[in-house]
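Residue numbers (the working numbering): 9 to 162.
These notes are about the structure you will find just below.
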């Protein structure tokens with residue numbers, strides 16, 4: 009009886025590091041992050057595992073993250089002179105000028121607030137719906153923004 013090796017099978021070496029949620033498999037590091045996915049209205053939230061973090065933070069707000077990404081991309085287009093004004097940008101992208109201006113105002117948020125939103129650490133009450141329309145009321149002072157939106161002082 010002859011033994012043949014199966015070309016589909018391969019040896020996999022797994023090295024477990026100091027963190028039980030991280031290991032190396034086939035030369036690539038794999039990190040497991042336990043998250044809970046919850047549906048709220050028409051969106052999905054990624055909730056971190058710690059019970060205290062889940063009550064304080066709102067998780068990843070995908071619509072708000074996408075809108076912030078658009079805001080900074082559009083701001084770059086205007087800053088680079090691709091579109092001289094917000095109205096020109098809105099016209100080229102077939103958007104309502106007021107909405108484009110509202111989205112662009114999100115670039116005025118404090119950098120640590122933007123970072124917290126991208127990392128899913130914003131207060132649970134802060135989402136795109138609550139932020140839209142309030143931007144005229146948001147102060148330019150970053151400390152006041154933090155206080156008004158429920159962030160700790162920097």
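Note that CB positions come from ideal geometry on N, CA and C, so glycine has one too.
Taking a C-beta distance under 7 Å as the contact criterion, residue 75 and residue 112 do not qualify as a contact pair. The beta-bridge partner set that DSSP reports for residue 97 is empty.
Judged by pairs of C-beta atoms under 8 Å, the stretch 67–81 touches the stretch 116–127, as three or more such pairs exist. For the set 67, 48, 35 and 51, the Cα lying nearest the Cα of residue 127 is the one of 67.
For residue 48, the three-state secondary structure derived from DSSP is strand.
For the pair residue 150 and residue 109, the CB atoms are not nearer than the 7 Å cut-off.
Nearest neighbour of residue 114 by Cα position, chosen from 35, 51, 50 and 147, turns out to be 147.
Under a 10 Å Cβ-count criterion, residue 139 is classified as buried, with 16 or more other Cβ atoms of the shown protein chains found around its own Cβ. Using a 10 angstroms sphere on the CB of residue 44, the tally of other CB atoms stays under 16, which defines it as exposed.
Taking residue 158 as the centre and dropping the five residues before and after it, the same chain places the C-beta of 131 closer than 6 Å to its C-beta, in chain order.
Here residue 101 is exposed, its C-beta having fewer than 16 other C-beta atoms within 10 Å.
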